[in-house]
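Only one structure is covered here, and it is reproduced in the block below.
There are 2 protein chains.
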Amino acid sequence: MEQCLIHFSLMARWKPNAPERLAEAALELFAERGYDATTVAEIAERAGLTKSTFFRYFADKREVLFGGLTLDQVLAAGIAAAPSAATPLEAVANAFEGLGSDVFTPDRRPFSRRRQAVIAANPELQEREALKGLRISAAMVEALEQRGVPVITARVAAQVASLSLTMAYARWSEGDEDFGDLARRSLTELRAASASC
Amino acid sequence: MEQCLIHFSLMARWKPNAPERLAEAALELFAERGYDATTVAEIAERAGLTKSTFFRYFADKREVLFGGLTLDQVLAAGIAAAPSAATPLEAVANAFEGLGSDVFTPDRRPFSRRRQAVIAANPELQEREALKGLRISAAMVEALEQRGVPVITARVAAQVASLSLTMAYARWSEGDEDFGDLARRSLTELRAASASC
Numbered sequence: 001m002e003q004c005l006i007h008f009s010l011m012a013r014w015k016p017n018a019p020e021r022l023a024e025a026a027l028e029l030f031a032e033r034g035y036d037a038t039t040v041a042e043i044a045e046r047a048g049l050t051k052s053t054f055f056r057y058f059a060d061k062r063e064v065l066f067g068g069l070t071l072d073q074v075l076a077a078g079i080a081a082a083p084s085a086a087t088p089l090e091a092v093a094n095a096f097e098g099l100g101s102d103v104f105t106p107d108r109r110p111f112s113r114r115r116q117a118v119i120a121a122n123p124e125l126q127e128r129e130a131l132k133g134l135r136i137s138a139a140m141v142e143a144l145e146q147r148g149v150p151v152i153t154a155r156v157a158a159q160v161a162s163l164s165l166t167m168a169y170a171r172w173s174e175g176d177e178d179f180g181d182l183a184r185r186s187l188t189e190l191r192a193a194s195a196s197c
Numbered sequence: 198m199e200q201c202l203i204h205f206s207l208m209a210r211w212k213p214n215a216p217e218r219l220a221e222a223a224l225e226l227f228a229e230r231g232y233d234a235t236t237v238a239e240i241a242e243r244a245g246l247t248k249s250t251f252f253r254y255f256a257d258k259r260e261v262l263f264g265g266l267t268l269d270q271v272l273a274a275g276i277a278a279a280p281s282a283a284t285p286l287e288a289v290a291n292a293f294e295g296l297g298s299d300v301f302t303p304d305r306r307p308f309s310r311r312r313q314a315v316i317a318a319n320p321e322l323q324e325r326e327a328l329k330g331l332r333i334s335a336a337m338v339e340a341l342e343q344r345g346v347p348v349i350t351a352r353v354a355a356q357v358a359s360l361s362l363t364m365a366y367a368r369w370s371e372g373d374e375d376f377g378d379l380a381r382r383s384l385t386e387l388r389a390a391s392a393s394c
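Protein sequences, first through last, are from chains F and V. Numbers 1 to 197, taken from our numbering, label the letters of the first sequence in order. Numbers 198 to 394, taken from our numbering, label the letters of the second sequence in order.
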C-alpha cells in the first residue's frame, strides 16, 4: 500500500507522458515570454525532450495546447452508447457524463485555468480553438446521424450542445463543480431558452 | 448615356478599390501557387500596390480574404432595426434581408465560389474563418441583448442563426438564388428541426 502511494507520487512528479510534459512546458513558456516569442525547440528543451519528439505528437506550435484533447471521440462514443429511445439532446447529455469522468477531471482544472488564460491572450490560439470547436460539433453531428437523426436536426442539436460545452467549460474552470453536472445543467437551460427564440 | 457606360466599363477594369484588388490578387495567387507559397509582397505586387498598402487594410496574409466582410455590422444593424415585437429569430430574419441586398449580391457570387475553394484547401484559412464565425455570432448575441433578449436566449438564437448563415452561404455559392431568401428558409428549417431535438 505504501509502495503504491510512493509510486503514484513519483509518477506525478516525473510526468512521464511526453505530450503532457510538452503541453506543460509550452504553457509555462507562453505565460513567461508570450506565445510569439516561444519556439518549438524551447518547448522541447524545457520538457527535456527533442524537437523531433515534439513533432511526433503535434503538427505545429499552436497544436500543443489542443493535441491531448479527445473530446470528439469521447462525445461520439457517448452519443452512440445512449439508449435507442433517447432524443438527440438526451444522447448528448449521456455523452457529457463521459467528459466529466474521463476528460475534465478535477485534477485537470488548474492546468485548464492556465491554458484558458494563455488562449485568451493569443489570437492564433483562439483560431485553433475555434476550429477545434467546429470539429467537435461535426463529430457530434456524425454520431447523431448514425443514430438515425435527420441531418438538419443533428446540426441544430450539435449547435446547442456546443454552446452547452462552452458554457460548462467556463464554469468548470472557474469553480469546483463536476463537469458532467455543469454540462447537463447548461443543456437544460439552453433547451428551455430555445423555446423563446 | 454612352459616356456613362464607358465610365462604368473602365471602373470595372481598373478596380480602383484597394482592399478588393488585394483580395482578388490574393485569390489568384493562392489558387496558382498555394496559400503557403504566396507572400504578402507578391499579393501587393500583383494588385499593383505596395506592401505597406496591404498592411493598411489587413493585419496579416490570412486576413486578406476576410477583411472586406462586414457581416457583423450588417447583422447587428438589421437586428436592431427589427420591429420591437419581433421574436429573437424574427429579428435575425430581418437582418438576413440586409445581407442579401448589401453583402451577398449576385455579382459577388463568382468571387465567393473561388474564395470558398481556396479556404477549403487551406487549414490556416479555415481557422480564420472559424474565428470570424465566432465573432459574427458574438455580434448577434450583443445586438439581441440590446433588444432586451436574455443572454441565454440570445446565445441560443445566435447559434441557430449562425448555422442558418453557414447553410445559406453554401447554397448561395453553388446556386443562383437570392441570399436573403435562402437564409430565411434555412432559419425556418432549423426552427422546425429544433422542436425535435
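Ideal placement from N, C-alpha and C gives every residue a C-beta, glycine not left out.
CB-CB length for residue i against residue j, believed under 8 Å
i, j, result
"V:Leu384", "V:Arg368", "Not a contact, Cβ separation roughly 13 Å."
"V:Val271", "V:Val300", "6 Å"
"V:Glu326", "V:Ile316", "6 Å"
"V:Gly377", "V:Leu296", "6 Å"
"V:Leu460", "V:Arg305", "The question about residue 460 of chain V has no answer here: the residues shown for chain V are numbered 198 through 394."
"V:Ala279", "V:Glu287", "6 Å"
"V:Ala215", "V:Ala273", "That pair is no contact at about 25 Å."
Cβ of residue i within 7 Å of any chain V Cβ
i, result
"F:Ser196", "yes"
"F:Pro88", "yes"
"F:Thr188", "no"
"F:Leu163", "yes"
"F:Glu177", "no"
"F:Ala143", "no"
"F:Leu182", "no"
"F:Val156", "yes"
"F:Gln116", "no"
"F:Ala138", "no"
"F:Ala82", "no"
"F:Ala193", "yes"
Residue i at chain F interface by Cβ criterion, 7 Å
i, result
"V:Arg230", "no"
"V:Ile349", "yes"
"V:Ala365", "no"
"V:Gln270", "no"
"V:Glu242", "no"
"V:Glu260", "no"
"V:Leu331", "yes"
"V:Leu328", "yes"
"V:Glu217", "no"
"V:Glu324", "yes"
"V:Gln343", "no"
Residue range of the alpha helix (DSSP H) that includes residue i
i, result
"F:Glu189", "179-194"
"F:Pro19", "18-33"
"V:Gly295", "285-295"
"F:Pro110", "109-121"
"V:Glu371", "348-371"
"V:Lys258", "Careful: V:Lys258 lies outside any alpha helix (DSSP H) and carries neither H nor E."
Residues near residue i by beta carbon distance below 6 Å, same chain, minus five either side
i, result
"F:Val149", "Pro88"
"F:Ala161", "Val92, Met140"
"F:Ala192", "none"
"V:Ser334", "Ala355, Ser359"
"F:Glu97", "Gly180"
"V:Asp255", "According to the sequence provided, residue 255 of chain V is Phe. The question's Asp does not apply to it. Val261, Gly264, listed in sequence order."
"F:Ala47", "Arg21, Leu22, Ala25"
Beta-carbon proximity list for residue i, same chain, < 7 Å, skipping 5 on both sides
i, result
"F:Trp14", "In this prediction, F:Trp14 has a pLDDT of 43, which is less than 50 and means its spatial position is unreliable; what the coordinates show is noted afterwards. Result list for F:Trp14: empty, nothing under 7 Å."
"V:Ser361", "Ala380, Ser383, Leu384, Leu387"
Same chain only: Cβ atoms within 8 Å of residue i, ignoring 5 sequence neighbours per side
i, result
"F:Ala44", "Leu22, Ala25, Thr50, Lys51, Thr53, Phe54"
"V:Phe205", "Summary for V:Phe205: the model assigns pLDDT 41, below 50, so the residue's position carries little reliability; its value from the coordinates is reported in the next sentence. Closer than 8 Å at Cβ, skipping near neighbours: no residue."
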